[in-house]
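Asks:
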Amino acid sequence: STNLGIRRLSTTARIPTRGSALAAGYGFYSAHDATIIRRREVPVNTHTQLTIPAGTRTVASRSGLVTKNFIDVGARVIDADVYPPFILLFRQ
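Per UniProt numbering, residue 1 is the first one in the sequence shown, and the count goes up by one each step.
#1: For THR48, is the classification buried or exposed, using 16 other Cβ atoms within 10 angstroms of its Cβ as the cut-off for buried?
#2: Give the range of the beta strand (DSSP E) segment to which PHE90 is assigned.
#3: State the Cα-Cα distance for the pair PHE28 and PRO16, rounded to the nearest angstrom.
#4: Just the Cα atoms here: how many angstroms apart are ASP72 and ALA34?
#5: Give the DSSP bridge partners of ASP79, in chain order.
#6: I need the DSSP call for VAL42, collapsed to helix, strand or coil.
#7: I need the DSSP call for HIS51, collapsed to helix, strand or coil.
#8: Taking its Cβ as the centre, do 16 or more other Cβ atoms sit within 10 Å of ALA13, making it buried, or is it exposed?
#9: List the whole-angstrom C-beta distance separating VAL44 from ILE87, where the pair is believed to meet the contact cut-off of C-beta under 8 Å.
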């Protein structure tokens with residue numbers, strides 16, 4: 001199985017979770033309340049920092065709130081050697 005290295009950067013950060021044992025990826029959580037405004041890009045900070053295995057590369061819109069409300073995740077490619085705070089960019 002593929003494991004992420006995850007570091008919480010604040011007390012409001014939630015560790016990403018898998019929806020099931022066979023889930024393709026992880027669900028991420030906002031560290032604060034956010035409103036996604038139509039036709040705008042809204043950065044949502046997870047207050048987490050990720051270390052990903054080499055060969056892992058993309059972030060994709062897949063399930064939950066994102067697909068049910070036609071929201072697109074603007075983040076796409078993550079480099080295994082870069083460790084900035086993980087911020088998602090949402091568009092509706």
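Where a beta carbon is used, it is the ideal one built from N, C-alpha and C, also for glycine.
Replies: A quick look at the data gives this:
#1: Buried, because 16 or more other Cβ atoms sit within 10 Å of the Cβ of THR48.
#2: Note, PHE90: beta strand (DSSP E), 85-91.
#3: 5 Å
#4: Computed Cα separation, rounded: 15 Å.
#5: BP columns for ASP79 are empty, so no partner.
#6: strand
#7: Per the sequence presented here, residue 51 reads as Thr, with His not at that position. It is a strand residue.
#8: buried
#9: 7 Å
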